[in-house]
Amino acid sequence: MEQQRKEFWVGTLVLFSIGLLVFFAWLLGLVQPLGKQLHLSVFYQFAGGVEVGAPVRVSGVKVGKVEKIEFLATPASDLLAGTSVKVRVGVDPEVKKLVRQNSKFYINIAGIIGERYLEITPGSEDSPILEDGAEVRGMDPPRVDQLLSQGYGVFGRVQEFLERNENTMQDLLTSVHSLMTDTNVILKKLDKKKVSQLIENLNTVSANFAVLSQQLRSPKSSKFIDQLADLVDRAHEIDKPALQKFLQEEGVRARIF
Amino acid sequence: MRALGNWAIREWGQLAYPTGLFWASIVGLLKSLTRASLRGKEITKQIYECAVMSLPVIAFSLGIVSLMSVLEFSWHMKVVLKQDALVPGFSLILTIREVAPVVTAMLLASRVGASISAEMGVMKITEQLDQLKLLAVSEVDYLLIPRWIGCIVANVTLTLISIAIAGIVTVFIAARWMGYQPAEFYNSLLLFTTGHDLEGALLKALCFGTLIPFVSASYGLRCAQGSQGVGDAATQAVARSSLLIIISDLLINSIWWMP
Amino acid sequence: MPDLKELMGSIGNWFLFSKRVIGLFFREGISRKVLIQQMYQVGVRSMVTTCVAGIFVGAILAIQINLQLKDFGAQSFLGGLSTSTTIRNLGPVLIAFLLSGRVGAFSSAELGTMAITDQLNAIRCLGLNPLAVIIMPRLVALTISSFLLLVLGLGLTVFGGIIISSIYLNVNPLQFVSHIPQFVSGSSIFIGVLKSFLFGLIIGTISCFVGYKTTGGAEEVGRSVRRTAVVTLVSIIVIDFLVSFVVESVTQLIMS
Numbered sequence: 010m011e012q013q014r015k016e017f018w019v020g021t022l023v024l025f026s027i028g029l030l031v032f033f034a035w036l037l038g039l040v041q042p043l044g045k046q047l048h049l050s051v052f053y054q055f056a057g058g059v060e061v062g063a064p065v066r067v068s069g070v071k072v073g074k075v076e077k078i079e080f081l082a083t084p085a086s087d088l089l090a091g092t093s094v095k096v097r098v099g100v101d102p103e104v105k106k107l108v109r110q111n112s113k114f115y116i117n118i119a120g121i122i123g124e125r126y127l128e129i130t131p132g133s134e135d136s137p138i139l140e141d142g143a144e145v146r147g148m149d150p151p152r153v154d155q156l157l158s159q160g161y162g163v164f165g166r167v168q169e170f171l172e173r174n175e176n177t178m179q180d181l182l183t184s185v186h187s188l189m190t191d192t193n194v195i196l197k198k199l200d201k202k203k204v205s206q207l208i209e210n211l212n213t214v215s216a217n218f219a220v221l222s223q224q225l226r227s228p229k230s231s232k233f234i235d236q237l238a239d240l241v242d243r244a245h246e247i248d249k250p251a252l253q254k255f256l257q258e259e260g261v262r263a264r265i266f
Numbered sequence: 047m048r049a050l051g052n053w054a055i056r057e058w059g060q061l062a063y064p065t066g067l068f069w070a071s072i073v074g075l076l077k078s079l080t081r082a083s084l085r086g087k088e089i090t091k092q093i094y095e096c097a098v099m100s101l102p103v104i105a106f107s108l109g110i111v112s113l114m115s116v117l118e119f120s121w122h123m124k125v126v127l128k129q130d131a132l133v134p135g136f137s138l139i140l141t142i143r144e145v146a147p148v149v150t151a152m153l154l155a156s157r158v159g160a161s162i163s164a165e166m167g168v169m170k171i172t173e174q175l176d177q178l179k180l181l182a183v184s185e186v187d188y189l190l191i192p193r194w195i196g197c198i199v200a201n202v203t204l205t206l207i208s209i210a211i212a213g214i215v216t217v218f219i220a221a222r223w224m225g226y227q228p229a230e231f232y233n234s235l236l237l238f239t240t241g242h243d244l245e246g247a248l249l250k251a252l253c254f255g256t257l258i259p260f261v262s263a264s265y266g267l268r269c270a271q272g273s274q275g276v277g278d279a280a281t282q283a284v285a286r287s288s289l290l291i292i293i294s295d296l297l298i299n300s301i302w303w304m305p
Numbered sequence: 136m137p138d139l140k141e142l143m144g145s146i147g148n149w150f151l152f153s154k155r156v157i158g159l160f161f162r163e164g165i166s167r168k169v170l171i172q173q174m175y176q177v178g179v180r181s182m183v184t185t186c187v188a189g190i191f192v193g194a195i196l197a198i199q200i201n202l203q204l205k206d207f208g209a210q211s212f213l214g215g216l217s218t219s220t221t222i223r224n225l226g227p228v229l230i231a232f233l234l235s236g237r238v239g240a241f242s243s244a245e246l247g248t249m250a251i252t253d254q255l256n257a258i259r260c261l262g263l264n265p266l267a268v269i270i271m272p273r274l275v276a277l278t279i280s281s282f283l284l285l286v287l288g289l290g291l292t293v294f295g296g297i298i299i300s301s302i303y304l305n306v307n308p309l310q311f312v313s314h315i316p317q318f319v320s321g322s323s324i325f326i327g328v329l330k331s332f333l334f335g336l337i338i339g340t341i342s343c344f345v346g347y348k349t350t351g352g353a354e355e356v357g358r359s360v361r362r363t364a365v366v367t368l369v370s371i372i373v374i375d376f377l378v379s380f381v382v383e384s385v386t387q388l389i390m391s
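Protein chains in written order, with this note's numbering: chain C, 10 to 266; chain G, 47 to 305; chain U, 136 to 391.
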């Protein structure tokens with residue numbers, strides 16, 4: 010009787026512990042006993058630091074995790090050309106209806122410690138639902154590293170330029186500086202009164218000009234201009250030999266020019 | 047310096063005997079497995095003694111330790127870092143990786159270790175061990191292997207149960223008191239914990255579960271005469287196995303979670 | 136519930152016993168020679184254990200805290216956070232665990248042997264009070280030396296952390312030390328010392344009580360050792376929690 014009681018308790022304890030172990034494993038996502046998951050292969054050219062076990066989210070809700078990451082020796086098909094990484098993800102069956110042909114697969118960064126995750130945007134109603142094992146092209150994340158390295162290149166060139174022309178730049182800067190100072194001095198030296206007088210004079214001049222241009226447009230002045238043009242036309246023919254001839258005819262011997 | 051050297055040599059010598067027992071036990075275990083002569087009843091009894099009888103004490107202690115861990119971490123995070131979003135995750139992960147296996151093993155070392163060495167010591171001074179020898183029964187096969195199995199089973203199961211208790215206590219009690227949501231615990235737990243951590247905790251449990259019976263038995267089997275000898279053996283068993291638990295804990299920590 | 140009744144009975148007995156012995160200490164005092172002799176016996180012999188324990192506990196917690204901080208890239212806080220955690224909370228507990236096995240169980244076994252070999256009765260026959268002659272000096276020496284050993288061990292945890300983080304975790308010692316003052320305030324050290332004192336008291340009273348109450352044969356001595364170790368561990372955990380709880384409540388009261 011005693012022995013049986015002990016055996017009962019030992020059995021209970023051991024079974025309970027095995028149950029706990031399975032429960033922990035399930036809690037940590039090591040095993041998925043319930044429900045058939047939807048498996049997808051997402052192809053990227055650059056996976057942006059996503060790791061095995063990283064969460065997969067649909068509309069910001071965690072629904073699965075990255076199961077496997079492989080490198081591809083050759084592109085899987087024409088559609089997926091240029092990709093080099095295959096990220097296999099498992100997604101809970103409840104979101105099957107949202108993951109469609111025109112869903113987009115982003116790799117994002119979130120959270121306090123910069124955790125990487127794979128975001129799937131829900132597809133629209135009219136595009137077909139993705140089957141288990143479907144292969145899709147993911148949206149490559151922005152290559153922050155490349156951006157940075159390009160930025161570094163640009164900055165490097167700017168720096169190089171500055172370093173090479175250090176003396177010239179300095180001269181330029183000093184001359185610009187002295188120019189500014191001189192201008193400043195000149196401006197200060199200018200008498201305000203005189204300047205205002207000058208401006209006043211300018212004002213009257215421009216007013217007179219206005220009157221003049223007004224008068225120029227009148228019929229009288231246009232007639233005058235016509236006559237003047239006529240005169241000039243005629244005067245055009247007066248050149249050096251003509252003048253000489255005219256003067257000889259007039260009996261004037263003049264030494265001209 | 048010389049005293050230190052002597053001390054080191056002596057301590058090393060202390061380890062030699064339990065190691066010898068360990069190899070003898072492995073050989074004995076393999077033999078018994080091939081001959082299918084493991085004594086099921088004795089093993090059941092030992093598991094019962096080690097695991098079931100220690101369950102209340104360990105459950106109680108671990109509940110309190112995990113509560114304390116949450117308290118202390120919330121103090122640190124609030125006062126020092128001015129941010130307490132990750133308290134649940136921090137305290138739970140420390141419990142899983144470190145506190146649950148070590149505290150369980152310490153309690154088992156003092157409970158089971160002392161009783162193993164006292165029991166064997168009494169057998170030695172009452173000449174029961176000599177009788178076993180006369181009957182050509184190996185003390186390793188007869189006494190040690192059932193205790194070893196019992197201890198390992200006890201340590202592994204109790205570590206798992208302690209982790210569960212720590213989780214329950216932190217989620218339900220600390221969450222109520224300190225205003226954390228149970229979901230927060232779960233999320234921050236997932237953020238920090240992987241299967242690797244759970245395996246590490248189980249590895250620790252296995253290792254400590256092996257340490258305790260061999261160290262204790264080595265003192266029990268070499269027990270000196272009289273009640274003083276028994277007392278000494280029990281004391282040494284507790285002290286040495288606790289110390290070895292701490293040392294092997296450091297070793298496992300540094301190897302398993304290699305930076 | 137006979138178990139619960141028994142448990143309560145033992146706690147009451149332990150309390151009365153401690154009260155009586157400590158009362159004796161305050162009434163009669165203790166000769167320095169006896170105290171030093173006793174402290175040598177329990178204290179100095181456990182020094183190596185304590186040093187090893189302190190260094191290892193510091194190292195273990197540094198590794199664990201490092202694991203947690205690594206995810207944030209906040210390894211520079213390692214020194215401060217691990218020292219603070221070690222001193223306030225886990226350091227005293229783990230070192231006290233080791234001491235309870237070493238010092239507590241040792242004294243309990245010694246007293247138990249005395250009790251069952253009628254040495255205590257012999258003292259009674261001589262017309263002396265065994266509580267005053269044997270128990271009281273031991274209890275006082277145990278308490279004081281456990282306290283001192285715990286404080287020593289706590290101090291050494293810092294070195295353990297420094298050693299492991301410089302050779303293994305790539306955090307150099309200066310970096311480790313520089314963050315300690317930011318995290319470890321006077322109150323943390325006070326809590327560590329307070330806990331050490333209470334643990335010392337627990338180890339002293341429980342081991343003396345259990346040893347003194349031993350009856351029977353050699354088996355009982357072994358059982359006493361076991362009982363001392365287990366009861367001390369559980370009491371240490373409970374006391375640790377109570378201190379943390381009270382301090383936390385007080386902190387919240389002050390801050391709010």
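Positions of the beta carbon are idealized from the N, C-alpha and C atoms, including for glycine.
Short Cβ contact (7 Å threshold) for residue i with residue j
i	j	result
G:G159	G:V284	yes
U:M174	U:S280	yes
U:L274	U:V156	yes
G:I323	G:S71	Lying outside 47 to 305, the shown extent of chain G, residue 323 of chain G is not represented and no answer is given.
U:V345	U:R362	yes
G:T205	G:V116	no
U:L336	U:T292	no
C:L274	C:I116	With chain C covering 10 to 266 only, the question about residue 274 of chain C has no answer from this structure.
U:V268	U:V177	no
G:L257	G:L290	yes
U:V356	U:G193	no
C:T130	C:S112	yes
Environment of residue i [buried if 16+ CB atoms lie within 10 Å]
i	result
G:H122	buried
G:P259	buried
G:L138	buried
G:G225	exposed
U:T375	Looking at the sequence provided, one finds Asp at residue 375 of chain U rather than Thr. By the neighbour-count rule (16 or more Cβ atoms within 10 Å), U:D375 is buried.
C:H186	exposed
G:H242	exposed
U:V378	buried
U:V314	The residue asked about is misnamed: residue 314 of chain U is His in this sequence, not Val. With 16 or more other Cβ atoms within 10 Å, it is buried.
G:G246	buried
U:I389	exposed
U:A250	buried
U:P265	buried
Proximal chain B residues relative to residue i, where beta-carbon distance stays under 8 Å
i	result
U:E141	No chain B is present in this structure, whose protein chains are C, G and U.
beta-carbon residue i near the ligand ATP non-hydrogen atom, thresh 6 Å
i	result
U:S300	The ligand content of the structure shown is nil, which means the ligand ATP is not present either.
Proximal residues, the segment 301-334 of chain U versus chain G, C-beta separation under 9 Å: Y303, L304, N305, Q317, F318 and S320
Proximal residues, the segment 76-102 of chain G versus chain C, C-beta separation under 7 Å: K87, T90, K91, I93, Y94, A97 and V98
Cβ pair count under 8 Å reaching 3, the segment 283-297 of chain U against the segment 344-362 of chain U: no
Sufficient close CB pairs (3 or more, under 8 Å) joining the segment 254-269 of chain G to the segment 161-176 of chain G: yes
The segment 162-171 of chain C touching the segment 122-141 of chain C, judged by at least three CB pairs closer than 8 Å: no
Three or more C-beta pairs below 8 Å linking the segment 220-229 of chain U and the segment 271-279 of chain G: With a cut-off of 8 Å, the segment 271-279 of chain G and the segment 220-229 of chain U do not count as touching, because too few Cβ pairs lie within range.
Residues within the segment 363-379 of chain U neighbouring chain G, beta-carbon criterion of under 7 Å: Hits within the stretch, in order: A364, V365, L368, V369, I372, V373, D375, F376 and S379.
Validate contact between the segment 24-39 of chain C and the segment 102-122 of chain C using beta carbons, cut 8 Å, 3 pairs: The answer is no - the segment 102-122 of chain C does not touch the segment 24-39 of chain C, with fewer than three Cβ pairs under 8 Å.
Contact the segment 89-98 of chain C vs the segment 63-78 of chain C: 3+ CB pairs below 8 Å: yes
The segment 212-220 of chain U contacting the segment 308-319 of chain U, beta-carbon criterion three pairs below 8 Å: yes
Three or more C-beta pairs below 8 Å linking the segment 175-194 of chain G and the segment 104-111 of chain G: Contact fails: fewer than three Cβ-Cβ distances are below 8 Å.
Segment contact, 8 Å Cβ cut-off, at least three pairs: the segment 190-200 of chain U with the segment 141-154 of chain U: Flag = no, the segment 190-200 of chain U and the segment 141-154 of chain U do not touch.
Any 3 or more C-beta pairs closer than 8 Å across the segment 74-82 of chain C and the segment 49-62 of chain C: Touching, per the Cβ criterion.
Runs of alpha helix (DSSP H) lying entirely within the segment 97-161 of chain G, each at least 4 residues, in chain order: 101-121, 133-140 and 146-154
Interface residues of the segment 154-172 of chain G facing chain U [CB-CB below 9 Å]: A155, S156, R157, V158, G159, A160, S161, S163, A164, E165, G167, V168, I171 and T172
Members of the segment 58-74 of chain C near chain G, C-beta cut-off 8 Å: So the close ones are G62.
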